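Just below is one structure, and these are the notes that go with it.
There are 2 protein chains.
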Amino acid sequence: MIIPIDRQKKEPLYSQIELFIKDAIENGTLKVHTKLPSIRQLSKDINVNRMTVETAYQQLEAAGLIEKRLGSGTFVLPHHQIEQTTSDKVDSQWPLWQQAPQKRIRQRYTNLSAIPHNIDKSDNPINFAGGIGDPQLFPINEFSKILQKVIKRDGVIGLSYGEPNGYLPLRNTICQIMTSLGTSAKPENILITTGSQQAINLVMHLLLKPGDIVLTESPTYSGALDLFKASGIKQIGVPLDQDGMQLDIMEKMIQQHHPKLIYTIPTFHNPTGISMSGKRRRKLIAIAGKYNIPILEDDYVGDLRYDGCGQPTLKSLDTGGRVIYTSTFSKMLMPDLRIGFIIAEGPVYNCLVNLKCLTDLATSNLFQRALESYLSIGRYQSHLRKTKRLYRKRRDCMVNAINKYLGDCASFHIPTGGIYIWLQLHEEVDHKVLLENCTKEGVVYFTGLELHTENHQLKNFIRLNFAFQSEANIEKGIKRFSEVLNNLSSSQS
Amino acid sequence: MIIPIDRQKKEPLYSQIELFIKDAIENGTLKVHTKLPSIRQLSKDINVNRMTVETAYQQLEAAGLIEKRLGSGTFVLPHHQIEQTTSDKVDSQWPLWQQAPQKRIRQRYTNLSAIPHNIDKSDNPINFAGGIGDPQLFPINEFSKILQKVIKRDGVIGLSYGEPNGYLPLRNTICQIMTSLGTSAKPENILITTGSQQAINLVMHLLLKPGDIVLTESPTYSGALDLFKASGIKQIGVPLDQDGMQLDIMEKMIQQHHPKLIYTIPTFHNPTGISMSGKRRRKLIAIAGKYNIPILEDDYVGDLRYDGCGQPTLKSLDTGGRVIYTSTFSKMLMPDLRIGFIIAEGPVYNCLVNLKCLTDLATSNLFQRALESYLSIGRYQSHLRKTKRLYRKRRDCMVNAINKYLGDCASFHIPTGGIYIWLQLHEEVDHKVLLENCTKEGVVYFTGLELHTENHQLKNFIRLNFAFQSEANIEKGIKRFSEVLNNLSSSQS
Chain A
5 MIIPIDRQKK EPLYSQIELF IKDAIENGTL KVHTKLPSIR QLSKDINVNR
55 MTVETAYQQL EAAGLIEKRL GSGTFVLPHH QIEQTTSDKV DSQWPLWQQA
105 PQKRIRQRYT NLSAIPHNID KSDNPINFAG GIGDPQLFPI NEFSKILQKV
155 IKRDGVIGLS YGEPNGYLPL RNTICQIMTS LGTSAKPENI LITTGSQQAI
205 NLVMHLLLKP GDIVLTESPT YSGALDLFKA SGIKQIGVPL DQDGMQLDIM
255 EKMIQQHHPK LIYTIPTFHN PTGISMSGKR RRKLIAIAGK YNIPILEDDY
305 VGDLRYDGCG QPTLKSLDTG GRVIYTSTFS KMLMPDLRIG FIIAEGPVYN
355 CLVNLKCLTD LATSNLFQRA LESYLSIGRY QSHLRKTKRL YRKRRDCMVN
405 AINKYLGDCA SFHIPTGGIY IWLQLHEEVD HKVLLENCTK EGVVYFTGLE
455 LHTENHQLKN FIRLNFAFQS EANIEKGIKR FSEVLNNLSS SQS
Chain B
5 MIIPIDRQKK EPLYSQIELF IKDAIENGTL KVHTKLPSIR QLSKDINVNR
55 MTVETAYQQL EAAGLIEKRL GSGTFVLPHH QIEQTTSDKV DSQWPLWQQA
105 PQKRIRQRYT NLSAIPHNID KSDNPINFAG GIGDPQLFPI NEFSKILQKV
155 IKRDGVIGLS YGEPNGYLPL RNTICQIMTS LGTSAKPENI LITTGSQQAI
205 NLVMHLLLKP GDIVLTESPT YSGALDLFKA SGIKQIGVPL DQDGMQLDIM
255 EKMIQQHHPK LIYTIPTFHN PTGISMSGKR RRKLIAIAGK YNIPILEDDY
305 VGDLRYDGCG QPTLKSLDTG GRVIYTSTFS KMLMPDLRIG FIIAEGPVYN
355 CLVNLKCLTD LATSNLFQRA LESYLSIGRY QSHLRKTKRL YRKRRDCMVN
405 AINKYLGDCA SFHIPTGGIY IWLQLHEEVD HKVLLENCTK EGVVYFTGLE
455 LHTENHQLKN FIRLNFAFQS EANIEKGIKR FSEVLNNLSS SQS
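If you read the sequences in order, they're chains A and B.
Each number in the numbering used here corresponds to the 1-based position in the first sequence with 4 added.
Each number in the numbering used here corresponds to the 1-based position in the second sequence with 4 added.
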């Protein structure tokens with residue numbers, strides 16, 4: 005044990021020791037029944053006379069905080085825990101650098117739209133708000149077995165830092181998956197990241213500086229919006245129609261604002277579920293080329309397609325290193341894997357690899373190896389088939405429930421993949437109150453309000469995740485939502 | 005399977021399909037014996053006539069790339085792989101944004117001092133270069149069992165996103181460990197990070213902007229230096245003596261340069277092994293208070309002490325939220341856990357939590373739970389005792405070997421903890437040649453050169469990791485090093 009003592013202080017050493025231990029007991033970090041170090045050991049650890057420690061222990065024992073048990077040592081006694089209030093300081097008590105001059109920065113990093121795991125899970129509401137698939141589908145048992153196998157097979161190497169750009173067999177396997185999805189990639193152009201959120205972060209830090217402008221769909225993924233906001237990047241939204249971003253408007257915005265990056269989710273867009281048409285995809289690449297703007301393509305659920313035929317990724321249409329592509333295994337497999345990847349060509353690739361290393365040194369080698377093993381024994385494809393079957397049913401279930409309960413008061417497009425339905429309410433309501441009332445009734449969703457976009461046309465939308473809940477809960481949740489909505493509408497009118 | 009086809013192109017659809025599959029086979033992403041999708045399936049997937057796919061397959065078969073096997077499908081045939089050269093483009097072939105205007109940025113993110121896992125492991129050299137402990141000590145089997153247990157116990161919850169600031173029981177356990185080391189902390193002031201590299205990154209992004217100045221020890225941890233450099237932060241080094249940073253010099257630097265952050269490794273400093281004296285620690289806190297500068301304390305191996313009594317952390321001496329503290333389980337346990345943590349008070353804490361979420365959403369919940377379980381069943385303390393016993397022996401072994409083989413030509417201080425010896429060579433040598441020659445002889449280390457500091461006094465130092473190798477290898481490695489050094493000296497003179 006180390007105790008910070010100060011020989012310059014007037015306060016005697018024994019009472020400094022006493023006070024430190026007393027505080028630790030009272031704030032609960034030294035738990036009841038904890039054995040304290042012996043007097044000999046502590047006096048050695050902190051280089052004081054044994055008598056000093058003995059005196060401190062005697063004082064603590066006299067105060068009823070600890071107890072010496074002959075032959076077994078000194079132990080912390082049960083006590084009434086005293087609430088400390090040091091963290092309730094008002095702002096002015098913190099150092100200046102934590103205060104006013106940093107207000108701008110604090111504003112950036114607080115009041116962010118909720119990253120969607122902040123819902124109070126204790127109430128166990130019907131949850132249409134989240135950004136992940138159904139945890140019940142996570143192949144946990146298989147994954148557990150594979151972890152064992154990989155640890156046994158690879159030993160310490162599997163738990164040491166691996167290659168900076170990621171585990172080569174995993175990069176190879178990803179290339180094969182990407183090829184089967186129509187996107188040719190080589191392992192030396194793949195960078196494994198800690199989820200695709202890190203990928204967005206890396207690209208942003210590499211290509212943009214505070215004050216630069218990024219074009220995105222309007223609305224777009226809240227985690228990207230928050231990240232741009234927090235980094236001082238200005239975001240400008242391009243409106244969507246059924247075929248994706250409206251490129252004529254975009255081109256005017258480019259001429260006016262000179263953006264440094266186009267961030268897009270062309271397939272099963274978050275939150276609207278819209279997929280960009282093939283024609284638009286080609287045109288987008290051409291525009292990016294004409295104006296020399298890099299594209300970051302976020303393909304977060306590209307493989308979760310339920311109907312129709314797939315569109316090629318922007319990456320597959322790009323022959324000149326214009327598109328940086330990112331995807332993740334979070335939605336299709338498990339978020340806690342924390343494994344996403346980037347595909348990039350040209351000089352930017354090595355920069356991204358270096359930046360990734362500087363950011364967190366490495367993504368878990370063990371998880372990379374386990375994922376590779378899972379993918380290469382072919383479980384992934386059958387897991388994906390099963391997942392798609394189920395999510396398609398849930399989408400249909402939600403579509404039917406909306407038609408049944410909300411047919412008159414809302415409209416939407418049926419998404420052909422992904423996990424979201426983007427619902428437009430016909431009547432204007434107070435969305436803050438609506439969400440509050442819904443939460444009380446045990447149903448939550450993600451409101452367009454939180455996308456804090458400038459686009460007023462979006463104010464009457466909500467985002468519903470149809471993949472997360474069972475069909476029974478989807479039906480029940482939409483019914484509850486419609487009741488709350490009707491109550492609110494009639495009380496407002 | 006999806007294939008990017010373009011109906012606007014003059015090239016017929018069948019040949020677009022043919023070309024895509026041909027490329028995929030030739031660059032190896034469609035492996036030999038892979039089964040291609042049926043004609044019916046592919047035509048549905050990409051919405052073309054079956055005849056179109058059939059024609060493409062016929063062409064590919066005629067070219068000897070695939071084979072139709074009656075009743076079982078169409079398969080990729082063995083072939084001579086053709087090396088592609090698209091990634092060998094010269095710079096001018098990349099989009100403009102990948103070229104000249106980005107040169108400044110590219111310079112920042114390339115030519116970084118090697119993050120120390122870039123050594124070619126195939127040669128299996130005696131490795132004094134790394135920044136981690138001995139992988140043979142990783143408690144792999146126990147960890148594997150705990151992973152099983154936690155997956156069984158927690159199910160899907162253990163593999164979903166957890167609390168944004170980290171798994172509460174782990175934060176509680178960390179508080180207990182910190183208290184036993186003399187630093188009182190509360191769980192609501194702890195933020196779990198993806199290693200301490202991420203912690204440094206978060207603090208830097210929160211408090212500094214490009215052009216700002218950070219004061220560090222000179223020399224200091226290369227990963228922090230690289231990160232500062234890559235982010236456009238100016239780093240100024242404060243020279244060390246045996247008691248740590250020379251604070252008189254530091255104060256003058258503060259007056260002159262107005263730094264926005266002091267980054268320090270006060271305990272078993274990397275690379276020098278020096279620990280800051282208690283008196284200096286208190287004075288540093290006072291200076292930081294006087295000039296309103298936050299301190300980032302990097303305690304990467306604070307618990308690996310072999311002799312003497314420990315110094316209090318800066319954090320434990322700080323009563324006013326001046327010090328942001330970071331530590332990690334990478335050195336004491338396993339780097340691949342990717343778990344470090346921050347202790348911070350005041351408004352800055354929530355900003356760091358938000359920034360962490362924006363950066364990579366979450367640190368693996370499963371690993372956090374497994375670590376908590378490992379720590380709370382008390383294995384950690386015994387693991388740490390065992391590790392310290394072994395590393396102390398290895399330190400002594402390296403000290404003896406240096407005295408024996410390099411006694412006349414080098415000097416150093418014996419570190420009382422950590423994993424590094426910082427060795428000063430008496431005679432000036434060409435360090436690039438020295439390292440090359442050593443590598444040829446199968447011994448590698450980390451040269452002070454790579455710390456690219458302005459401080460010329462540091463040019464004749466090398467850093468040796470004594471924790472990574474067995475005693476036999478330490479003796480052998482130092483002997484080899486001395487031979488290479490002698491040969492080089494005599495050839496130079």
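Just so you know, even glycine gets a beta-carbon here, dropped at the ideal spot from N, CA and C.
Predicted model, so just to flag it, every value in this text is computed and none were measured.
Not flagged as an interface residue toward chain A: residue 402/B, since no C-beta distance is shorter than 8 Å. For the beta strand (DSSP E) assignment, the uninterrupted runs of no fewer than 3 residues enclosed by the segment 265–343 of chain B are, from N- to C-terminal side, 265–268, 299–302, 327–332.
According to the DSSP assignment, residue 229/A belongs to no beta strand (DSSP E) but to the alpha helix (DSSP H) extending over 226–234. Ranked by Cα distance from residue 471/A, the options 444/A, 392/A, 381/A are led by 392/A. The DSSP-derived three-state label of residue 450/B is strand. Residue pairing of residue 469/B in beta bridges, as defined by DSSP: 424/B. Under the criterion of beta carbons closer than 8 Å, residue 449/B and residue 275/B do not qualify as touching, at roughly 10 Å. Relative to residue 160/B, the option among 266/A, 143/A, 165/A whose CA is nearest is 143/A.
Interface annotation, residue 28/A: in contact with chain B, CB-CB separation under 8 Å. In this structure, DSSP gives residue 205/B a helical state, which the three-state scheme calls helix. About 6 Å separates the beta carbons of residue 241/B and residue 220/B, which is inside the 8 Å limit, making them a contact pair. In this structure, 340/B is the residue among 345/B, 340/B, 347/B, 378/B with its C-alpha nearest to the C-alpha of residue 365/A. The beta-carbon of residue 383/B is placed no less than 8 Å from the nearest beta-carbon of chain A.
Inter-residue distance for residue 20/B and residue 43/B is about 15 Å (C-alpha atoms, whole angstroms). Bounds of the beta strand (DSSP E) holding residue 80/A are 77–80.
Identification of chain B residues near residue 370/A by a Cβ-Cβ cut-off of 7 Å yields 340, ordered along the chain.
Put simply, of 83/A, 141/A, 152/A the residue whose alpha carbon is nearest the alpha carbon of residue 394/A is 141/A.
Between residue 10/B and residue 313/A, the C-beta spacing is not below 8 Å. Ranking 321/A, 485/A, 38/A by CA distance to the CA of residue 290/A puts 321/A first. Under the DSSP assignment, residue 195/A falls in the beta strand (DSSP E) whose first and last residues are 194–197. Taking each of 30/B, 475/B, 148/B, 245/B in turn and checking the Cα distance to residue 130/B, the smallest one comes out for 475/B. Within the same chain, and ignoring the five residues on either side of residue 429/B in sequence, the residues whose Cβ sits closer than 6 Å to its Cβ are 414, 464. DSSP places residue 223/A in no beta strand (DSSP E); its state is neither H nor E.
Judged by their CB atoms, residue 317/A and residue 186/A are nearer to each other than the 8 Å cut-off. Contact with chain B is found for residue 5/A, since one of that chain's Cβ atoms lies less than 8 Å from the residue's Cβ. Here the segment 485–496 of chain A makes no contact with the segment 22–31 of chain B; the two share fewer than three CB pairs at distances below 8 Å. Comparing alpha-carbon positions, the option among 8/B, 243/B, 212/B lying closest to residue 232/B turns out to be 212/B. Taking CB atoms only, residue 239/A has no neighbour in chain B less than 8 Å away. Residue-level contact by beta carbon fails for residue 290/A and chain B, as no gap is shorter than 8 Å. Residue 189/A sits in coil when the DSSP states are folded into three classes, being neither helix nor strand. Using a Cβ-Cβ cut-off of 8 Å, residue 234/B is close to 358, 359, 362 of chain A, given in chain order. Using a Cβ-Cβ cut-off of 8 Å, residue 163/A counts as an interface residue toward chain B, since at least one Cβ of chain B sits closer than that to its own.
Between residue 410/B and residue 466/B, the C-beta gap is not smaller than 8 Å, which leaves the two residues out of contact.
Counting only Cβ-Cβ distances below 9 Å, residue 155/A has contacts in chain B at 144, 145, 147, 148, 151, in chain order. Here the C-alpha atom of residue 283/A lies approximately 27 Å from the C-alpha atom of residue 178/A.
For residue 50/A, the chain B residues whose Cβ falls inside 7 Å of its Cβ are 313, in order along the chain.
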